[in-house]
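So the sequence shown is numbered by the UniProt record's numbering: it starts at 1 and just counts up by one. Shown next, in structure tokens, is the structure this report addresses.
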Amino acid sequence: MTTQENARTEESAYEAANGLPIALKEPLQQLFVEHGPLRQEMEAIYELAHGIEDAPIRQAAARLAELIERVEQFNAKLHRHSNKEEELLFPLMARYIGRDSGPIAVMEYEHDQAKRCLHLFLQRRGDGSQLTERTTIAEMGRLAADAVVILMEHFCKEEHALFPMANTMLSAQELDWLEKEFERIDTQGGNHV
């Protein structure tokens, strides 16, 4: 699916849910569109993670191996996306609405919570020696599922509140600057310099 087709799908879902068309300016539209593929990956992660502790041990261990691979790939893609928000969009918006409380504080807190779950998941992966123990499998499943739940709710808040707020708040010059910086992050593989 092309980025444009994905955007149309996302817009259709937004319109269906809200009864309103979304008209985000670039680069906010780019952030919105990036949610689609991330959401699909999160759904697959949740499917593997949910109930993993109840599966027979061999099946649970096999599911965990697939879950680890998916989470590692997802984490890299999420890192690139979240860098755009944390290093660029949030500070830009904070100039207008502050950072200590309100929407930016909530967004940053939720980023931290999801990252914490993913970090603990990847840390528990360790050297692989305990990945067949039921308690490790159950804990890792919970961490992956928790990260997905946090991020799904977080994406909704961004799409329904934060992005529309930024859409009206940021100037054309700020949006142009943001777009160029997003392009730089994409070119550099996720790092803002």
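Just so you know, even glycine gets a beta-carbon here, dropped at the ideal spot from N, CA and C.
Proximity to residue i [Cα-Cα], best of the options
i      : options                        : result
Ile150 : Leu162, Thr136, Met165, Tyr109 : Tyr109
Ala114 : Glu153, Glu53, Glu47           : Glu153
Val71  : Gln123, Gln30, Leu31           : Gln123
Glu41  : Val148, Arg116, Phe32, Ser171  : Val148
Leu33  : Thr168, Glu159, Gln188         : Sequence inspection shows Val at residue 33; the Leu mentioned does not correspond to that position. Looking at the Cα atoms, Glu159 is the closest of the given residues.
Arg116 : Arg99, Arg142, Pro91           : Arg142
Asn134 : Gln73, Phe90, Arg63            : Before going on, a small fix: residue 134 reads as Arg here, not Asn. The shortest C-alpha separation from Arg134 is found at Arg63.
Tyr96  : Met169, Gln188, Arg80, Leu175  : Met169
Ala161 : His79, Asp176, Gly102          : Gly102
Gln188 : Arg99, Gln30, His79            : His79
Test item: CB-CB of residue i and residue j under 7 Å
i      : j      : result
Lys84  : Ile185 : yes
Ala138 : Ile45  : no
Ile68  : Arg125 : yes
Leu38  : Phe163 : no
His35  : Phe182 : no
Leu88  : Leu24  : no
Ala55  : Thr132 : no
Ala166 : Met93  : yes
Glu66  : Leu48  : yes
Phe90  : Ile104 : yes
Residue i classed as buried or exposed, judged by whether at least 16 other C-beta atoms fall within 10 angstroms
i           : result
Asp146      : buried
Ile57       : exposed
Glu5        : Only weak support exists for where Glu5 lies, its pLDDT of 42 falling under 50; the value from the coordinates is given anyway. Classification for Glu5: exposed.
Val193      : Only weak support exists for where Val193 lies, its pLDDT of 41 falling under 50; the value from the coordinates is given anyway. With fewer than 16 Cβ atoms within 10 Å of its Cβ, Val193 is classed as exposed.
residue 194 : Any question about residue 194 goes unanswered here, given that the chain covers just 1 to 193.
Gln173      : exposed
Met140      : buried
Assumed close pair residue i, residue j - CB separation to whole angstroms, cut-off 8 Å
i     : j      : result
Ser82 : His119 : At roughly 13 Å, the Cβ-Cβ gap does not stay under 8 Å, so Ser82 and His119 are not in contact.
Test: residue i CB closer than 7 Å to a CB of chain E
i      : result
Ala147 : The question asks about chain E, but that chain is absent: this structure has only one protein chain.
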